[in-house]
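Going line by line, the protein sequences match chains A and B. Its first residue numbered 23, the first sequence is counted upward by one per residue in my numbering. Its first residue numbered 23, the second sequence is counted upward by one per residue in my numbering. Glycine included, each C-beta is placed from N, C-alpha and C at the ideal position.
Number of protein chains: 2
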Amino acid sequence: MPVDNSNMIKAIEDFPKQCKTALELPKGMSVSGKIDKIVVAGMGGSAVGGDLLKTYMHDSKIPVFVVRDYNIPNFVDENTLFFAVSYSGNTEETLSAYQEAVKKKAKIVAVTSGGQLGSLAKKAVKIPAGLQPRAALGYLFFPVLGVLNNSGIADTKGKDIEEMFEILEKTEDFKITGERIAKKIFQKTPIVYSSTLFGPISYRWKTQFNENSKSPAFNHVFAELNHNEIVGYQLMNKNEWSAIFIRDKFDNERIKLRMDITKEIISTRVEVEEIFTRGEGLLSRIFSGIYYGDFASYYLALANRIDPSPVNVIENLKKKLK
Amino acid sequence: MPVDNSNMIKAIEDFPKQCKTALELPKGMSVSGKIDKIVVAGMGGSAVGGDLLKTYMHDSKIPVFVVRDYNIPNFVDENTLFFAVSYSGNTEETLSAYQEAVKKKAKIVAVTSGGQLGSLAKKAVKIPAGLQPRAALGYLFFPVLGVLNNSGIADTKGKDIEEMFEILEKTEDFKITGERIAKKIFQKTPIVYSSTLFGPISYRWKTQFNENSKSPAFNHVFAELNHNEIVGYQLMNKNEWSAIFIRDKFDNERIKLRMDITKEIISTRVEVEEIFTRGEGLLSRIFSGIYYGDFASYYLALANRIDPSPVNVIENLKKKLK
């Protein structure tokens, strides 16, 4: 099988640059009036952008909901800030959710490169086209955050953004670690664990292993996995599975202890790799955690002798859905 | 290995009876005053009870949140109805969440058989002790629903409950199908799929396979899995994995089509089993979906020559956490 990786590796390497561009896109765009709920509707990478917003705003008095579905919750109303996020602008679930939000008179902002959503939405952050949606996470997340900052709902500090770029721009570090992880998990099924707060990061790793590496991959979160998934290791064989823990220095102390003990327990059944997020601010910690996984999934594709870019099965499915 | 299954099979067979008892427990207990959010805090089976409430109340104007963590969201306040659910009453994550909810002045109702939570909570539905928590799902769910009914927040119709019992009491049907599924998936890793609305059902199957059968098991939901997980089948071998689809006659038409097409696509890589929920009302459809999985996980334990009841690894972990 021919392996042409030029597009995906470039997109991953350019991720810090993409984030810089993305930060500029929503300049001046804001929403006003009462807002007591935030909903992000999207699928795949767009939904991960919503999940990351939920993590970023975990301390907020305004709840954030992520909708990965055709239908939206009944509590969406005129005080709901509704982000419809679709890279292509033609994701059918997101278009359906968008139409429902219009009926509910929500305050809607679209984030899209164009498509039907780009035509329909009165208020939209237009993002550059031409990437695989999963490689556009910067474009899918930062415009949402930017609109919230402009509207006085989020309060992102300049120093947090600076720290993030300082860390992400050491791209070589992420590459080296990503390549090392890919070698370790080659021909095994990776299972990625994190705290609940960082669940979107372990989920992103899982989806990148699925889409880039074409590999089965799963994720779960602490402490919940200690109540069920950990029991399943009893029937697991060392040469078939690999566990990856995403760790953060601000994890709850009990979660840290649970991770240590879980590692000890499951090490008899699987190899455990640990990845530590970097930085002090939440943006750095989130995106450094994600960046390692992007490279790991890329190098796992190479090891599998698979082109990371095309996802033929998804294209095939979309054709059959018509 | 000695296999003594008398406790677990009895608990599963008695599930309809448990639900009947559970419905009586919150008699007369209600909450009053303004309520604009509902939070259910719990882990494992208790959290699944919260997830099921979210599914049951998906049309509600009041959002339902499930917290599987030590910490609770910052938006919990005096208008939040907060259920602290722990079968033993000693689940440390739930106790921590409970303490935070007290500080936030939430309206708190505990559901527990006793323990520390039973001593601390001013308002509690006391449930019978002596089961494995995962075998007590009726006790963990119906008291919560009962308090919501008594408070005028939920409006469960008598005929929906009657239909549910009529269906669940045909226990033999669930047993036969569960045993058939267990045979099909023996020595494979099951992955359980459902709609997003029925995500708690596919998650329950996963956790039952983990805890009862001591098997690895995973779940995901439509349509999200069409955007990532489906690609991973490219590297999956037919003799290693098994997919189970939980289907419901009220699934969105596009979801039904996605399930059909996905089945066709992944059938080249795995065997696909389909389970259809039963009945018209949501309670019947939810609990019939779950009941098949309870039996399937039990019979998979037998096939694995493993006692379904004890979960030594969880007990071991709890000891190390002290």
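Which residues mark the beginning and the end of the alpha helix (DSSP H) in which residue i is found?
i: Asn171(A); result: 159-172
i: Phe37(B); result: 37-46
i: Asn18(A); result: Any property of residue 18(A) remains undetermined from this structure, which presents chain A solely from 23 to 344.
i: Ala143(A); result: Counting along the chain, Ala143(A) falls outside any alpha helix (DSSP H), and DSSP gives it neither H nor E.
i: Ser68(B); result: 67-78
i: Lys206(A); result: 193-207
i: Lys341(B); result: 334-343
i: Gly180(B); result: 180-190
Taking only beta-carbon atoms, is residue i less than 8 Å away from chain A?
i: Phe187(B); result: no
i: Pro24(B); result: Because the pLDDT of Pro24(B) is 48, which lies under 50, any placement of that residue in the model is unreliable, and the question is left without a value.
i: Arg307(B); result: no
i: Ile268(B); result: no
i: Ile283(B); result: yes
i: Ile287(B); result: yes
Less than 8 Å between CB atoms is the rule here; does residue i satisfy it with respect to chain B?
i: Val253(A); result: yes
i: Ile336(A); result: yes
i: Asn96(A); result: yes
i: Val115(A); result: The question names Val, but residue 115(A) is Glu in the sequence shown. Yes, its Cβ sits closer than 8 Å to a Cβ of chain B.
i: Gly66(A); result: yes
i: Thr134(A); result: no
i: Ala69(A); result: yes
i: Lys206(A); result: no
i: Glu184(A); result: no
i: Thr218(A); result: yes
i: Thr229(A); result: yes
i: Arg280(A); result: yes
i: Asn232(A); result: yes
i: Asn29(A); result: no
Have a look at the options and flag the residue whose alpha-carbon is nearest the alpha-carbon of residue i.
i: Asn334(A); options: Leu247(A), Lys236(A), Lys126(A), Lys192(A); result: Lys236(A)
i: Asp99(B); options: Met79(B), Ser108(B), Val124(B); result: Val124(B)
i: Leu279(A); options: Ile175(B), Lys192(B), Lys340(B), Lys49(B); result: Lys340(B)
i: Lys129(A); options: Ser54(A), Tyr215(A), Phe231(A); result: Ser54(A)
i: Ile345(A); options: Lys344(A), Ile252(A), Leu170(A); result: Here chain A has residues from 23 to 344 only, and residue 345(A) is not among them.
i: Ile94(A); options: Ser319(B), Asp81(B), Pro212(B); result: Asp81(B)
i: Asn172(A); options: Leu47(A), Leu305(A), Ala318(A); result: Leu47(A)
i: Cys41(A); options: Ala157(A), Gly174(A), Glu122(A); result: Ala157(A)
i: Ile31(A); options: Pro330(A), Ile336(A), Glu337(A); result: Pro330(A)
i: Ala106(A); options: Gly136(A), Pro38(A), Tyr320(A), Ser217(A); result: Gly136(A)
i: Ala239(A); options: Thr290(A), Ser264(A), Asn248(A); result: Ser264(A)
i: Glu188(B); options: Leu305(B), Ala318(B), Ile60(B); result: Leu305(B)
i: Lys76(B); options: Tyr92(B), Asp91(B), Lys59(B); result: Lys59(B)
i: Glu233(B); options: Asn101(B), Gly315(B), Glu114(B), Lys144(B); result: Gly315(B)
i: Ala245(A); options: Leu219(B), Lys148(B), Ala69(B), Met79(B); result: Ala69(B)
i: Arg90(B); options: Ile175(B), Ile183(B), Ile203(B), Thr113(B); result: Thr113(B)
What residue does the beta strand (DSSP E) around residue i start on, and which one ends it?
i: Asn274(B); result: Taken as a continuous stretch (DSSP letters only), Asn274(B) belongs to no beta strand (DSSP E), as it is neither H nor E.
i: Ile60(B); result: 59-63
i: Thr102(A); result: 102-108
i: Glu295(B); result: 293-298
i: Tyr215(B); result: 211-217
i: Val86(A); result: 86-89
Just list the residues that DSSP pairs residue i with in beta bridges.
i: Lys129(A); result: Leu103(A)
i: His242(A); result: Tyr215(A)
i: Thr134(B); result: Ser108(B), Lys148(B)
i: Ala323(B); result: According to DSSP, which records beta bridges pairwise, Ala323(B) is partnered with nothing at all.
i: Ile266(B); result: Val214(B), Glu295(B)
List, in order along the chain, the chain D residues whose C-beta lies closer than 9 Å to that of residue i?
i: Arg276(B); result: Any reference to chain D falls outside this structure, whose protein chains are A and B.
Tell me whether residue i, by its Cβ, gets closer than 7 Å to a heavy atom of the ligand SAM.
i: Val70(A); result: For the ligand SAM, the structure offers nothing, since it holds no ligand at all.
Looking at chain A, which residues of the stretch 77-93 of chain B have a Cβ within less than 8 Å of any of its Cβ atoms?
His80, Asp81, Ser82, Lys83, Ile84, Pro85, Phe87, Arg90, Asp91, Tyr92, Asn93
Proximal residues, the stretch 236-260 of chain A versus chain B, C-beta separation under 8 Å:
Lys236, Ser237, Pro238, Ala239, Phe240, Val243, Ala245, Glu246, Asn248, His249, Asn250, Glu251, Ile252, Val253, Gly254, Tyr255, Gln256, Leu257, Met258
Residues in the stretch 312-344 of chain A having any Cβ partner in chain B nearer than 8 Å
Asn326, Ile328, Val333, Val335, Ile336, Asn338, Leu339, Lys342, Leu343
Can you pull out the residues from the stretch 146-168 of chain A whose beta carbon lies closer than 9 Å to at least one beta carbon of chain B?
Pro155, Arg156
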